[in-house]
Amino acid sequence: MGNKKSFYWLAAMMLIMTLFMAACSGSDDEANATDDEKAEEKGKAKEGGTLVYALDAAPEGLFHWNWYGIVTDAEVLGLFDDNLITFDEELKPQPNIASWETEDNKVFTFKFKEGVKWHNGDELTVHDWVFSLETIAHPDYDGPRYSNVQTIEGAEAYRKGEADSISGIEVINDYEIKITFDKARVNNLLNLWTYPMNRTAFEGIEVADMGGSDPVRRTPIGTGPFKVSKIVPGESVELVANENYWQGKPKLDKIIVKVVDATAVTGALQNGEIDIVSVHPTIGADVEAMDNVELMTAPGLSYYYVGFKLGVFDNDKKQVVEKKEKYANKQLRQAMMHAINREEWIKAFFGGYGDVVNRPVPSAHWIAADNDKLNTYPYDPEKAKSLLDEAGYVDTNGDGFREDPNGDEFVVNFSHYATGNPTFESRAKALTQYWEEVGLKTTLEMIEVNQYYDMIEKDNENMEVFFGGWSYGADPDPSALWKSDQLWNYPRWVNQESDKLLDDALDVEVVGTDEAKRKELYVKWQQLVNEELPMLFITELQEIYGVNKRVGGLTMDVSGMNSPHEWYVTE
Amino acid sequence: MLKYTIRRILGMIPMLLLISIVVFSLALSMPGDPFGGEIDPNNTDPEYIEKMREEAGLNDPVHVQYARWIANFVQGDFGESTRYKMPVSELIAERMPNTIFLGVTSLIITYILAFAMGMYAGRKPYTAGDNFIGGLNYLGLAIPSYIAGVFAIYFFSFKLGWFPFSGSIDIRLTEGTLEWYLSRLHHVFLPAVVLGALGTASYTQFLRNDIIESSRKDYVRTARAKGTPESKIYNKHILRNSIIPLITFLGFDIVTLISGAIITEAIFTYPGIGQLFLDSINSRDFPVIMTLTMMFSFLVLFGNMVADLLYGIVDPRIRVD
Numbered sequence: 001m002g003n004k005k006s007f008y009w010l011a012a013m014m015l016i017m018t019l020f021m022a023a024c025s026g027s028d029d030e031a032n033a034t035d036d037e038k039a040e041e042k043g044k045a046k047e048g049g050t051l052v053y054a055l056d057a058a059p060e061g062l063f064h065w066n067w068y069g070i071v072t073d074a075e076v077l078g079l080f081d082d083n084l085i086t087f088d089e090e091l092k093p094q095p096n097i098a099s100w101e102t103e104d105n106k107v108f109t110f111k112f113k114e115g116v117k118w119h120n121g122d123e124l125t126v127h128d129w130v131f132s133l134e135t136i137a138h139p140d141y142d143g144p145r146y147s148n149v150q151t152i153e154g155a156e157a158y159r160k161g162e163a164d165s166i167s168g169i170e171v172i173n174d175y176e177i178k179i180t181f182d183k184a185r186v187n188n189l190l191n192l193w194t195y196p197m198n199r200t201a202f203e204g205i206e207v208a209d210m211g212g213s214d215p216v217r218r219t220p221i222g223t224g225p226f227k228v229s230k231i232v233p234g235e236s237v238e239l240v241a242n243e244n245y246w247q248g249k250p251k252l253d254k255i256i257v258k259v260v261d262a263t264a265v266t267g268a269l270q271n272g273e274i275d276i277v278s279v280h281p282t283i284g285a286d287v288e289a290m291d292n293v294e295l296m297t298a299p300g301l302s303y304y305y306v307g308f309k310l311g312v313f314d315n316d317k318k319q320v321v322e323k324k325e326k327y328a329n330k331q332l333r334q335a336m337m338h339a340i341n342r343e344e345w346i347k348a349f350f351g352g353y354g355d356v357v358n359r360p361v362p363s364a365h366w367i368a369a370d371n372d373k374l375n376t377y378p379y380d381p382e383k384a385k386s387l388l389d390e391a392g393y394v395d396t397n398g399d400g401f402r403e404d405p406n407g408d409e410f411v412v413n414f415s416h417y418a419t420g421n422p423t424f425e426s427r428a429k430a431l432t433q434y435w436e437e438v439g440l441k442t443t444l445e446m447i448e449v450n451q452y453y454d455m456i457e458k459d460n461e462n463m464e465v466f467f468g469g470w471s472y473g474a475d476p477d478p479s480a481l482w483k484s485d486q487l488w489n490y491p492r493w494v495n496q497e498s499d500k501l502l503d504d505a506l507d508v509e510v511v512g513t514d515e516a517k518r519k520e521l522y523v524k525w526q527q528l529v530n531e532e533l534p535m536l537f538i539t540e541l542q543e544i545y546g547v548n549k550r551v552g553g554l555t556m557d558v559s560g561m562n563s564p565h566e567w568y569v570t571e
Numbered sequence: 572m573l574k575y576t577i578r579r580i581l582g583m584i585p586m587l588l589l590i591s592i593v594v595f596s597l598a599l600s601m602p603g604d605p606f607g608g609e610i611d612p613n614n615t616d617p618e619y620i621e622k623m624r625e626e627a628g629l630n631d632p633v634h635v636q637y638a639r640w641i642a643n644f645v646q647g648d649f650g651e652s653t654r655y656k657m658p659v660s661e662l663i664a665e666r667m668p669n670t671i672f673l674g675v676t677s678l679i680i681t682y683i684l685a686f687a688m689g690m691y692a693g694r695k696p697y698t699a700g701d702n703f704i705g706g707l708n709y710l711g712l713a714i715p716s717y718i719a720g721v722f723a724i725y726f727f728s729f730k731l732g733w734f735p736f737s738g739s740i741d742i743r744l745t746e747g748t749l750e751w752y753l754s755r756l757h758h759v760f761l762p763a764v765v766l767g768a769l770g771t772a773s774y775t776q777f778l779r780n781d782i783i784e785s786s787r788k789d790y791v792r793t794a795r796a797k798g799t800p801e802s803k804i805y806n807k808h809i810l811r812n813s814i815i816p817l818i819t820f821l822g823f824d825i826v827t828l829i830s831g832a833i834i835t836e837a838i839f840t841y842p843g844i845g846q847l848f849l850d851s852i853n854s855r856d857f858p859v860i861m862t863l864t865m866m867f868s869f870l871v872l873f874g875n876m877v878a879d880l881l882y883g884i885v886d887p888r889i890r891v892d
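Protein chains in written order, with our numbering: chain R, 1 to 571; chain L, 572 to 892.
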């Protein structure tokens with residue numbers, strides 16, 4: 001009897017298991033069915049089809065250029081909303097929907113293409129742009145774009161409520177608009193906010209509530225090649241082709257944007273479940289080895305550096321109020337640069353998907369100075385040692401490490417941010433070992449990333465030598481990160497010549513509209529920074545994407561991917 | 572019992588107040604704030620960051636911030652997420668269905684497996700079957716869910732192709748259709764199993780041990796002597812007694828239902844409360860962190876109370892007033 005009972009139990013368990021199996025296999029059939037359907041769609045090739053675009057972090061869901069804050073949101077935005085102007089492979093502005101004319105870099109006349117339609121059928125006119133600019137200049141606006149509008153004449157008055165409109169904006173007709181800036185600048189156009197806002201969609205919504213409103217979060221519209229048809233917050237977005245796209249009908253029927261955890265990226269690529277995904281350099285080699293995936297690279301716009309704290313900044317006075325002497329010796333900094341084997345380091349920690357950089361400007365940018373005009377600081381421990389000897393950093397007490405010129409113990413206190421990424425500590429450790437090899441005693445501290453940047457910004461006394469990264473935009477002007485009165489000049493480097501060069505390069509009186517002249521000034525500035533080394537430039541990373549071989553028509557350059565209406569899928 | 576319930580609920584108030592003070596000061600003493608961290612210089616500028624800090628009141632002293640927050644909180648205003656720029660209550664409501672769905676599914680899986688295995692093992696202790704179940708359970712208990720999750724994705728999604736590896740729904744389907752519901756089940760199953768495996772182990776072993784213990788008790792011997800069928804003894808007399816200790820777990824199950832599974836949700840990119848909580852901590856989204864922690868704390872207290880009340884119902888010997 002007992003046996004019978006146990007059989008009963010086993011049978012019950014079996015039954016449950018079978019139920020699970022049935023459930024699994026049931027949905028399995030379904031999955032196969034949709035796969036077959038997909039395969040049929042693929043058979044037609046080049047017209048139609050669905051492309052799966054993966055993101056490795058969840059979007060915040062702020063799907064309007066005026067409010068978005070993170071890269072993943074921008075990736076989605078790029079699929080369905082167009083910028084009025086665009087950028088070429090040297091990051092110079094080019095006409096897109098709007099073309100412009102200016103004589104003095106103060107007054108610009110923009111001309112819109114006629115017949116460009118929003119996804120809701122409205123025609124795009126200059127009024128949509130005015131609406132966008134006025135929204136941003138509105139006192140209740142809570143996004144980060146005001147700095148791109150404040151240079152327009154009268155924007156400040158509008159923001160303070162002293163005027164009903166921005167005086168620098170003059171609508172000529174539906175397709176022409178004149179914008180006057182408060183003064184002539186070389187980079188007025190680049191700084192200007194060039195994304196319109198659909199007026200019907202935002203009708204009746206207070207500016208303060210716009211960021212969380214439906215036209216931003218749930219039913220965003222744009223003028224781009226695809227229309228958002230559905231959003232599942234935090235995991236996926238479905239976009240369908242915009243038949244009336246002004247540059248022509250898209251070849252794809254649909255793009256599915258899907259969030260994939262970083263741990264699943266390689267598996268999903270290998271299985272062909274995702275077609276395009278941005279790939280971290282550390283898994284680049286794995287992706288390159290896949291038969292069905294092509295690794296596409298484009299020059300990146302960010303660079304990594306090791307900075308030195310050379311002073312203390314007072315944010316109220318907007319100036320460096322105190323100098324720090326520990327790393328003030330230029331030869332010391334240069335020696336530390338020569339001590340690092342940057343090629344080896346990039347190979348080890350970024351899979352080689354990066355290049356050695358000698359200036360704070362990415363190579364792809366039109367103002368970048370050629371390496372033959374700069375010191376390239378090749379890996380040379382002997383040179384590093386002799387530079388240190390020359391500067392007076394010698395080992396006086398025989399412990400194997402150098403003392404400072406006064407004969408006191410000298411320890412390089414190096415900090416690196418920690419996020420839970422296991423490669424960070426080893427890559428930081430590698431840098432300390434390079435310095436120890438030339439006789440500089442080095443300690444390493446890994447600091448939680450939020451605290452880390454807080455300490456850097458506030459010039460915490462424990463922050464001496466720090467690892468960091470910056471990214472560069474289309475605007476060549478690096479003033480916000482380098483001028484001595486800027487909070488984000490983290491090394492607190494004060495140099496009159498640098499400030500003057502940066503100012504001159506923006507000054508219409510000095511450079512006018514002559515790009516060559518402007519570049520010359522920036523090259524001079526890069527030479528200065530490269531010689532002084534307030535930070536050691538380590539590497540500029542490439543943008544790498546894993547792209548399934550069934551995807552065609554996709555090109556990438558430093559300004560990003562080409563317009564998605566040209567993409568197609570084969571097979 | 573009503574009196575007891577009211578007393579317990581009133582007792583929660585000072586406790587929640589204390590928790591809120593501790594959590595608020597801990598949250599604010601985390602280094603950094605929502606506007607700092609890794610900055611993209613092309614996307615923002617120092618003036619904007621300073622303006623946002625001022626508007627969010629982050630420059631005020633801690634006690635001022637706390638007073639402002641608690642005053643709004645008790646009035647039901649949980650604030651606005653600094654990251655998502657939408658009211659916290661809406662944000663949580665958006666994620667809640669996913670989390671509850673995942674939690675309920677994993678609980679059902681846990682219950683089915685635990686009862687089947689626990690009752691079998693309890694009836695046949697120290698046999699090969701019992702040892703096998705025991706081994707399986709300890710394995711389940713020993714493997715952390717982030718390992719189990721990654722392996723489950725590798726085998727069941729990539730190698731076998733049985734389950735989707737991310738998300739909660741296939742976006743191509745129309746909401747409300749049968750296919751849509753099936754797709755939701757299909758998506759939730761794998762994370763639910765990974766999540767449930769952990770709970771299953773403790774439930775099973777608990778049930779097994781209690782059944783073994785009960786089966787040696789006098790009343791069981793009496794029942795046997797009177798000729799009660801073995802199945803009736805186990806399914807009626809022993810099981811009912813052995814379920815009582817499991818009710819303690821139920822209180823905590825309520826919390827897991829809502830709090831979601833931080834790691835499992837992140838690995839399966841399943842947008843629920845757990846993932847939201849993790850993101851909000853990483854991005855220092857204080858209003859979200861505070862609302863969620865207060866919600867979790869309340870649920871723990873509430874779950875404990877429910878467990879205590881249930882004790883009184885299932886076991887008449889325990890009096891709750």
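For glycine and all other residues, C-beta sits at the position ideal for the given N, C-alpha and C.
Nearest neighbour of residue i, chosen from the options [CA to CA]
i	options	result
Phe736(L)	Arg743(L), Ile724(L), Lys730(L) and Ser660(L)	Ile724(L)
Gly900(L)	Asp454(R), His119(R), Leu301(R) and Asp314(R)	Absent from the structure is residue 900(L), since the part of chain L shown begins at 572 and ends at 892.
Thr670(L)	Lys803(L), Val877(L), Met866(L) and Ala832(L)	Ala832(L)
Pro585(L)	Leu872(L), Ile814(L), Ser596(L) and Leu710(L)	Leu872(L)
Leu769(L)	Gly798(L), Gly843(L), Gly720(L) and Pro842(L)	Gly720(L)
Ala763(L)	Pro658(L), Gly689(L), Leu828(L) and Val885(L)	Leu828(L)
Lys178(R)	Thr396(R), Asp82(R) and Val107(R)	Val107(R)
Gly439(R)	Glu457(R), Pro362(R) and Gly398(R)	Gly398(R)
Glu162(R)	Lys324(R), Ala137(R) and Glu540(R)	Ala137(R)
Any C-beta of chain R under 8 Å from that of residue i
i	result
Val721(L)	yes
Phe848(L)	no
Ser600(L)	no
Tyr725(L)	yes
Beta carbon proximity, residue i to chain L, threshold 8 Å
i	result
Leu189(R)	no
Ala241(R)	no
Gly512(R)	no
Asp485(R)	no
Pro564(R)	no
Lys524(R)	no
Lys230(R)	yes
Ser559(R)	no
Limits of the unbroken alpha helix (DSSP H) element including residue i
i	result
Tyr691(L)	Val659 to Arg694
Val321(R)	Segment Gln319 to Lys323 is the beta strand (DSSP E) holding Val321(R); no alpha helix (DSSP H) there.
Trp345(R)	Arg342 to Phe350
Ala241(R)	No alpha helix (DSSP H) contains Ala241(R), which is instead part of the beta strand (DSSP E) from Ser236 to Ala241.
Asn758(L)	The sequence given here places His at residue 758(L); Asn does not occur at that position. Note, His758(L): alpha helix (DSSP H), Leu749 to Ser786.
Asn450(R)	Val449 to Glu457
Nearest-angstrom Cβ-Cβ length linking residue i and residue j, presumed shorter than 8 Å
i	j	result
Phe537(R)	Val357(R)	5 Å
Leu501(R)	Trp525(R)	4 Å
Met210(R)	Thr135(R)	7 Å
Extent of the continuous beta strand (DSSP E) run through residue i
i	result
Thr539(R)	Met535 to Asn548
Per-residue contacts from residue i into chain L (C-beta, under 8 Å)
i	result
Ile256(R)	Ile742 and Arg743
Beta-carbon neighbours of residue i, restricted to chain R and to distances below 8 Å
i	result
Thr855(L)	A quick correction: the sequence has Arg, not Thr, at residue 855(L). Chain R residues near Arg855(L): Asn450.
Asp631(L)	Near Asp631(L) there are no residues of chain R at all, since even the closest Cβ is about 18 Å away, more than 8 Å.
Met893(L)	The structure shown does not extend to residue 893(L), since chain L is modelled only from 572 to 892, so the question has no answer here.
Chain R contact residues for residue i, given Cβ-Cβ distances below 9 Å
i	result
Ala837(L)	Asp261
Under 7 Å by beta carbon: chain L residues contacting residue i
i	result
Leu62(R)	Lys656
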